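For the sequence shown, position 128 matches number 834 in my numbering, and the numbering has no gaps at all.
Think of the CB as a built atom: it goes at the ideal place given N, C-alpha and C, for glycine as much as any other residue.
Quantities reported herein were computed from a predicted structural model and do not represent experimental measurements.
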Amino acid sequence: MEDRNLTQAYEHAKEVYGGLGVDVEKAMALADGIAISMHSWQGDDLIGFDGSQELSGGIASTGNYIGRARTLPELLADLDEAMGMIPGKLKVSVHACQADLGGKKIGRDAYTVQHFSGWIDWAKERKIGLDFNPTFFSSPQMDGDFSLSSFDDNKRKFWIEHGKRCREIGEAFGRMLGIRSLVNYWMPDGYKDIPADTAARRELMVQSLDEIFSAPMDKTCVAEALESKLFGLGLESYTAASHEFSLGYAITRKKIYTMDAGHFHPTERISAKFSAVLQYLDEILLHVSRGVRWDSDHVVIWDEELQSMMNEIIFNGYPDRVNIGLDFFDASINRIACWVIGTRNTRKALLSAALNPIHLAKDAERRGDYTARLAYLEEAKTLPFSAVWDYYCARQGVPVGTEWIARMKQYEKVVLSTRG
Ligand code: RNT
Ligand code: ZN
């Protein structure tokens, strides 16, 4: 903390916030301690290392920027580089297709924690937790775009086994790292055009999920989440695991419900839904993303919706019930920068929420004084937030402001540009 300007600006901000009844130190500690689960697949365009060549399942990563991580060591090095520029508590979310099979041909129905030992060693050294995701796409075992609701008994069974393996791997992650692992189930299963039978697939999907989750697991090590979706590319007319389907499943089976910011109609905002679904669920998982006109998974920027999401978590006291995961993938710009921008922004929005003197607006609301409520909400937007953010970054030993850009460019020159 040598920069005197930084410290002076911080001291001033502390006074301003203090005058409004906000304890800046407490706010920084709160925002710093909330885990953000960084999605590993920003680094490899979701190609993985288990032999799949291109993405299926109605999702897409567009762009051809240099430096895609082609191996696990490359991906881990890139994650390290990004994490050195991001303040606060992190986890990393791994996809099953990122297994390290050591050149062997192994089906996804036979993956074990051994195929992720490289991930575990890496996470252990950094004292971070790992979340996990089955990969129900990009595989010759898919029945078109169907997995758990395939009418083909063999294919469906294959994917059920994959689903079981993934919980086992998650449980092992949790046990070995001492931090609970969240395993997020997302299946693309759906139709491009109008189905004749909308029930059959969903009945199979419920049966398959129930079978996957039938074995008892240590809840302190693993928890499972189910992600809903409106539609995917080429799957416009019908998605088996729709919102109502997944929410109902999560409530009745005591699972976590995953809400992806890009999975709803463009005018819907998931931030508006947290306090509704949390009346019935213990926990939810967020996939923080940014859809531009469709579920395009653009890099998360500090926009109104990101701030609203983090406000909902902080203002309602939900840090222990809302798990924050990121889910975006842009291959058209430097992938390290994508992680840094999106994750720093999420942390920034958390800190901004924690610093908001929301008690003033809440008190006004209780009194029925909606004029004062609006005034407080608006004045909060121009409080000296950036002075606290910069100070916080400096104190956590990560670059302040634009400093990280030169570092990212240097890594691109020395490391990324050498990749074929
Ligand atoms: C797809 C879902 C899902 C994936 C990840 C990679 O629309 O959002 O979460 O993005 O599994
Ligand atoms: Zn998602």
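- Nearest neighbour of Val994 by Cα position, chosen from Phe1035, Lys961, Ile957, Ser981, turns out to be Phe1035.
- Looking at the DSSP output, Asn839 bridges to His801.
- The beta carbon of Pro894 sits closer than 7 Å to those of Gly763, Gly764, Phe842, Phe843, Asp851, Gly938, Leu941, all from its chain and outside the five residues before and after it, given in chain order.
- The Cβ atoms of Arg1041 and Glu989 lie no closer than 8 Å to each other.
- Exposure of Trp1000 is indicated by the presence of fewer than 16 other C-beta atoms within 10 angstroms of its C-beta.
- For Ile765, the CB falls within less than 7 Å of some heavy atom of the ligand RNT.
- Relative to the ligand ZN, Glu933 has its C-beta within less than 7 Å of a heavy atom.
- Taken in chain order, the whole alpha helix (DSSP H) runs of length 4 or more contained in the region 719-758 are 730-739.
- Residue Leu932 holds the alpha-carbon nearest to the alpha-carbon of Thr958 among Glu974, Lys979, Thr973, Leu932.
- Around the beta carbon of Gly1074, fewer than 16 other beta carbons lie within 10 angstroms, which makes this residue exposed.
- Between Phe838 and Gly794, the beta carbon gap of about 21 Å keeps them out of contact (Cβ cut-off 8 Å).
- Following the DSSP letters along the chain, one finds His1065 inside the alpha helix (DSSP H) bounded by residues 1064-1073.
- A residue is called buried once 16 or more other Cβ atoms fall within 10 Å of its Cβ, and Lys810, having fewer, is exposed.
- Runs of beta strand (DSSP E) with 3 or more residues, each lying fully within the region 942-1019, are found at 962-966, 990-994, listed in chain order.
- Screening all residues for a C-beta within a distance smaller than 5 Å of any heavy atom in the ligand ZN leaves Asp966, His993, Asp1033, in chain order.
- Taking the C-beta atoms as reference points, Ala775 is found no nearer than 8 Å to Val798.
- Taking the Cβ of Leu761 as the reference point, every heavy atom of the ligand RNT lies at 7 Å or farther away.
- Looking from the CA of Phe970, the closest CA among Asp1003, Leu910, Asp806 belongs to Asp1003.
- Leu854 and Glu909 have their alpha carbons spaced roughly 10 Å apart.
- Every alpha helix (DSSP H) of 4 residues or more that sits fully in the region 876-924 is shown, in chain order, as 905-918.
- Spanning the alpha carbons of Asp815 and Val800 requires a straight line of approximately 17 Å.
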